[in-house]
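J.: Numbering (my numbering), first residue to last: 10 to 97.
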């Protein structure tokens, strides 16, 4: 699983987000308790505009590890993109 996690990062770094998403989904399926994997998946989904998927992934990450501010930050960004009127 670590190799797939790392490969997804390499693909995202090389601006191949859509190729990395299936790898991170597989990591999340096999290791659902990994908040970092759910966070990274949520961030990638947000990047491609899958707001529903991003919010689901980031909410789960926040529940798994509520102490990580960067998870809440990305979740807030996803909420604002999904419901822009809230940020006004």
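C-beta: ideal position from N, C-alpha, C; glycine also.
Residue range of the alpha helix (DSSP H) that residue 33 falls in?
T.: Sequence index remark: in the chain shown, residue 33 carries index 24 (1-based). Segment 26-39, the alpha helix (DSSP H) holding residue 33.
J.: Helix, strand or coil, according to DSSP, for residue 69 in the structure here?
T.: Taking the first residue of the chain shown as 1, we reach residue 69 at position 60. In this structure, residue 69 counts as helix in the three-state DSSP scheme.
J.: Which residues mark the beginning and the end of the alpha helix (DSSP H) in which residue 49 is found?
T.: For the purposes of this step, residue 49 is taken as residue 40 along the chain shown, with counting starting at 1. That run of the alpha helix (DSSP H) goes 44-57.
J.: Would you mind working out which of 91, 90, 10, 78 sits nearest residue 48, comparing C-alpha positions?
T.: By one-based count along the chain shown, residue 48 stands at place 39. Minimum Cα distance to residue 48 is reached at 78.
J.: Taking Cβ to Cβ, would you say residue 17 is nearer than 9 Å to residue 60?
T.: As a first step, residue 17 is located in the chain shown; it is residue number 8 there, counting from the start. As a first step, residue 60 is located in the chain shown; it is residue number 51 there, counting from the start. In this structure, residue 60 does not lie closer than 9 Å to residue 17 by Cβ.
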